[in-house]
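Here is the structure we will look at.
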Amino acid sequence: MSSDVRRSLPTGALRIEHIWKRYHATAARPLLRDGLRRHADDWMWVLRDASLEVEPGESVALVGLNGSGKSTLLKILTGVTFPYAGRVHTAGRIGALIAVQAGIHPDLTGRENIYFNGTVLGLSRREVHRRLDSIVEFAELSDAIDRQVKRYSSGMQMRLGFSVAAFLEPDILVVDEALAVGDASFQQRCLDRMRQVQQQGTTLLFVSHDMAAVEAMCRRSVWLDQGVVQADGDTPSVLHAYRVGLEEKARELSAQVDDPVRVLDVTITGAGQGRPRTNEDVAVSLLLHTRETRTVRLSIGVSEGPSTPMFVVTRTVELPAGRSGLVCRLQDVPLPAGRFYLWAGATDAADRTLVTWRPVAPLDVEGPPRPRVPAGVMVPSPIHVASSWHGAGAEPSGTIRDQTAEPHQISECAGDQLGHRPAEEPAVAGGLEPPSAREPHRTGRLRV
Ligand SMILES: Nc1ncnc2c1ncn2[C@@H]1O[C@H](COP(=O)(O)OP(=O)(O)OP(=O)(O)O)[C@@H](O)[C@H]1O
Ligand SMILES: [Mg+2]
Numbered sequence: 000m001s002s003d004v005r006r007s008l009p010t011g012a013l014r015i016e017h018i019w020k021r022y023h024a025t026a027a028r029p030l031l032r033d034g035l036r037r038h039a040d041d042w043m044w045v046l047r048d049a050s051l052e053v054e055p056g057e058s059v060a061l062v063g064l065n066g067s068g069k070s071t072l073l074k075i076l077t078g079v080t081f082p083y084a085g086r087v088h089t090a091g092r093i094g095a096l097i098a099v100q101a102g103i104h105p106d107l108t109g110r111e112n113i114y115f116n117g118t119v120l121g122l123s124r125r126e127v128h129r130r131l132d133s134i135v136e137f138a139e140l141s142d143a144i145d146r147q148v149k150r151y152s153s154g155m156q157m158r159l160g161f162s163v164a165a166f167l168e169p170d171i172l173v174v175d176e177a178l179a180v181g182d183a184s185f186q187q188r189c190l191d192r193m194r195q196v197q198q199q200g201t202t203l204l205f206v207s208h209d210m211a212a213v214e215a216m217c218r219r220s221v222w223l224d225q226g227v228v229q230a231d232g233d234t235p236s237v238l239h240a241y242r243v244g245l246e247e248k249a250r251e252l253s254a255q256v257d258d259p260v261r262v263l264d265v266t267i268t269g270a271g272q273g274r275p276r277t278n279e280d281v282a283v284s285l286l287l288h289t290r291e292t293r294t295v296r297l298s299i300g301v302s303e304g305p306s307t308p309m310f311v312v313t314r315t316v317e318l319p320a321g322r323s324g325l326v327c328r329l330q331d332v333p334l335p336a337g338r339f340y341l342w343a344g345a346t347d348a349a350d351r352t353l354v355t356w357r358p359v360a361p362l363d364v365e366g367p368p369r370p371r372v373p374a375g376v377m378v379p380s381p382i383h384v385a386s387s388w389h390g391a392g393a394e395p396s397g398t399i400r401d402q403t404a405e406p407h408q409i410s411e412c413a414g415d416q417l418g419h420r421p422a423e424e425p426a427v428a429g430g431l432e433p434p435s436a437r438e439p440h441r442t443g444r445l446r447v
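Taking numbering that gives the first Met the number 0, the leading residue of the sequence shown gets 0, the next gets one more, and so forth.
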């Protein structure tokens, strides 16, 4: 890092400038003879011209499909690996949990690891000692703290790694999918701790596939797609763009599946043939095709993109050979405004798949926006529940307002509600040639 940049960066800031990173595409361990034979296209670019600027105290999420380069970017940021081209500047201490065992030495005890990590972060023994009890207490490892870490379960190792990263008071906290390993109560405590650390002014870089956690933690998100920054902006807009991408990918993949029953067409209408609205009925018309007469257990679900639906309705129907139409009326659908996806799947009586569970149509709902919840609180399913409020300050006149009855007035008067603004055009990174790449590059393969 040049001394100019180091001087000018405030503590807790980071700059990633035009990073390129490649790995060998072949999985085999490199041998000497490979070095002689290697072809130019043995390389796979996993980061392509990725740039990111984060100010002190900001919380930024990195989202993207498996293999999109998120962990690689964090590893470059924390110096675990080096870029092919580009620059990274950071100012301040970095506490990182980038893999369950990263930074944790298996032969040392939990306690020794805490001291070791503190020293690496530049803390004195006394400073680490002062924080030791909170680390052990948070990780719930008091009984195991003097055991070698290699005897820990992966959840225990993660608890230790997270606690060390989050309690040694870093200026920048980097957390890569820590929540995936922990149990539900530890996940919530991690979110609470990250929130506390944020409030103390620490910069947070958070990688997760859990969109509810991302929404709970980070105002800003960055979507990485095949190593390219596809979108960088406020979390609702970036997640919207990402979910649309996810759904398109899932539809593309499922179009290749040759199911015994095919969904030929889907039409969604709201009450009175208009667009679906919050707490009103939604009619889903399906056109199905089967080669032979079958008894089909059909399920329809709604999600925000991933395959985990917020709710599912199921019906067993007799489908005659050929095409048949079917209408499902979902009653009083309690969704706030926004874009959702209708998923469908079917099995026979023996639970064999007849229609692979997949998104079949987008579902755009008009109505009240979802409320902004306190930071750090996860809302896995955004269900709209109408409410009325009494008492001081609820209404100037003290009257009761039925939120569902007047959605437009509500969105005007509710200053503390975060609307689903239309997605901004995601910033698309251009110029995909590496600065001095001699070899033609391969794109990272997309995996779901
Ligand atoms: N050490 C390595 N050697 C070779 N290829 C690697 C190495 N590390 C990562 N890769 C490849 O780089 C690509 C990006 O990997 P990375 O771990 O950054 O993805 P990710 O976005 O973190 O994915 P996930 O969501 O699954 O954690 C993948 O194709 C991966 O196989
Ligand atoms: Mg990863």
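Glycine is no exception: its CB is placed at the ideal position from the N, C-alpha and C atoms.
All values reported here derive from a predicted model rather than from experimental measurement.
CA-CA distance, V312 and R146? 49 Å
Just checking my contact of P367 with T277 at CB under 8 Å: how many whole Å lie between their CB atoms? 6 Å
Burial state of H383 (16 or more Cβ within 10 Å): buried
Sequence-distant residues of the same chain with beta carbon closer than 7 Å to S1, five excluded per side: Unreliable positioning characterises S1 in this predicted model, as indicated by a pLDDT of 48, which lies under 50. A coordinate reading is not provided.
Are there any heavy atoms of ligand 2 lying less than 6 Å away from the beta-carbon of S306, as far as the coordinates show? no
Let me confirm a value: L263 is counted as buried when at least 16 other C-beta atoms fall within 10 Å, else exposed. Which label applies? exposed
Alpha carbon of S162 to alpha carbon of A183, nearest angstrom: 16 Å
Between S302 and ligand 2, is the CB less than 6 Å from at least one heavy atom? no
Quick test of your reading: L172 and M157, contact by CB under 8 Å. State the CB separation rounded to the nearest angstrom. Going by Cβ atoms, the distance from L172 to M157 rounds to 15 Å, so no, they are not a contact pair.
Taking the continuous alpha helix (DSSP H) assigned at I455, which residues delimit it? Outside the shown range of the chain, which is 0 to 447, sits residue 455, and nothing can be said about it.
Measuring CB to CB, does V62 end up less than 7 Å from S220? yes
With a threshold of 6 Å (Cβ to nearest heavy atom), would S70 be considered close to ligand 1? yes
Distance check for G375 and V113, CA to CA, integer angstroms please. Contrary to the premise, residue 113 reads as Ile rather than Val in this sequence. Looking at the two C-alpha atoms, the distance is approximately 26 Å.
Any heavy atom of ligand 1 inside 6 Å of the beta-carbon of S67? yes
Answer yes or no: the CB of V173 versus the heavy atoms of ligand 1, is any distance below 6 Å? no
What do you reckon, are the CB atoms on S70 and D175 nearer than 7 Å? yes
Using 6 Å as the cut-off, classify the Cβ of V45 as near or not near the heavy atoms of ligand 1, replying yes or no. yes
Would you say the beta carbon of Y83 is closer than 6 Å to some non-hydrogen atom of ligand 1? no
Please name the residue in G273, V227, V295, L285 whose C-alpha comes closest to that of P259. V295
Chain-order list of residues whose beta-carbon lies under 8 Å from that of D347 (same chain, five-residue window excluded): R293, T294, V295, R296, L353
Inspect the beta-carbon positions of P9 and T202 and report whether they are closer than 7 Å. no
Contiguous beta strand (DSSP E) assignments of at least 3 residues, all confined to the segment 256-304: 260-269, 279-289, 293-302
Could you spell out where the beta strand (DSSP E) holding C327 opens and where it closes? 321-332
Please tell me whether A249 and R357 are closer than 7 Å, where the distance is taken between their beta carbons. yes
Any heavy atom of ligand 1 closer than 6 Å to the CB of Y151? no
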